[in-house]
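J.: Residue numbers (the numbering used here): 69 to 362.
Positions of the beta carbon are idealized from the N, C-alpha and C atoms, including for glycine.
Quick caveat, the model's predicted, so the values are computed rather than measured.
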């Protein structure tokens, strides 16, 4: 009597892995052709155009405006990250301990703007911050100022705009971690005699730090590549973001030099991620942030 061959576990696992690999193939091809290939072309051109060598990088290092734009980009990204961390943590804490109905409203309030086009939101901020905008008109009506404040075309406007755009990316990971924290831990600390502020600082805050680290990393890295907000809200005659600096030279068909600046920005981003991975154990942080604290 013929026996039906058994399908071993290893064969099943092999077939399953092949199936998942096949499903991942379109995404992998997309990343290769629309991400890895363009980046490779940019890096290659930075060394080869107009002549082979490090001329473009030497030129950048010897250009004060270029070096200044690099440090201004890093400084503004760090400032926005700090602001988002403070505001986002307080907001996420309020959402975590609000009633379900109010929590839903608060989450909608922070998520809905993120679904609106970045350019549209930036133009809306222009309307609010300009000399005849809502803020100036309100302050004039209540006689707090006697003349218009210069709110637009300033570093303050850029910081405000970037904070508005990036705040959801801080709130979500922080809130995700907070949801996984059992409130009974804080209650137990209070039951042992700890004051509320001490219970928060010694129990709740340390457990919620992974979300804060993850949000800070996302906001800082995203801020490095901002272009629209500093272009429309900033003083383009003064400070320039590195992304703006890159676009200027690309527009002048200086492909090699523009590619070198873009490569420098890429290296700064990768260095940030490498430090985060080494010091903060970013993989574990992201797992806790988007999988909830354990």
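Rounded to whole angstroms, how far is the Cβ of residue 183 from the Cβ of residue 329, which I believe are closer than 8 Å?
T.: With 8 Å as the limit, residue 183 and residue 329 do not qualify as a contact, their Cβ atoms being about 31 Å apart.
J.: Does the CB of residue 238 have a neighbour CB from chain C at under 7 Å?
T.: Among the protein chains of the structure shown there is no chain C, as only one such chain exists.
J.: So does the region 284-293 actually touch the region 314-321, counting three or more Cβ pairs closer than 8 Å?
T.: At 8 Å Cβ cutoff, the stretches do not touch.
J.: Smallest Cα separation from residue 154: which of 106, 238, 222, 112?
T.: Comparing Cα-Cα distances from residue 154 to each of 106, 238, 222, 112, the minimum goes to 238.
J.: Which whole-angstrom value describes the C-beta separation of residue 148 and residue 243, a residue pair presumed to lie in contact below a C-beta threshold of 8 Å?
T.: Not confirmed; about 19 Å, so no contact.
J.: Near residue 394, which residues of its chain fall below 6 Å by C-beta distance, leaving aside the five closest residues on each side in sequence?
T.: Outside the displayed span of the chain (69 to 362) sits residue 394, for which this structure offers no information.
J.: Around the C-beta of residue 49, are 16 or more other C-beta atoms found within 10 angstroms, so that it is buried, or is it exposed?
T.: Here the chain covers residues 69 to 362 and nothing more, so residue 49 does not appear.
J.: Compute the Euclidean distance between the alpha carbons of residue 115 and residue 221, then round it to the nearest angstrom.
T.: One C-alpha to the other measures close to 35 Å.
J.: Count the other CB atoms, across all protein chains shown, that sit within 10 Å of the CB of residue 159; report buried if there are 16 or more and exposed otherwise.
T.: Under this definition residue 159 is a buried residue.
J.: Who are the Cβ neighbours of residue 254 in its own chain at under 6 Å, not counting the five residues just before and after it?
T.: Answer for residue 254: 267, 271, 272, listed in chain order.
J.: Could you give the uninterrupted runs of the alpha helix (DSSP H) lying entirely in the region 74-152, keeping only those of 4 residues or more?
T.: Correct list: 77-99, 105-116, 123-129.
J.: Using the Cα positions of residue 348 and residue 280, report the straight-line distance between them to the nearest angstrom.
T.: In a straight line, the C-alpha of residue 348 is about 11 Å away from that of residue 280.
J.: Find out if the Cβ-Cβ distance for the pair residue 91, residue 152 is shorter than 7 Å.
T.: Taking 7 Å as the Cβ cut-off, residue 91 and residue 152 do not qualify as a contacting pair.
J.: In whole angstroms, give me the CA-to-CA distance for residue 198 and residue 192.
T.: Those two C-alpha atoms are separated by around 10 Å.
J.: Skipping 5 residues on each side, what residues in its chain have a beta carbon closer than 6 Å to that of residue 145?
T.: Closer than 6 Å at Cβ, skipping near neighbours: 288, 291, 292.
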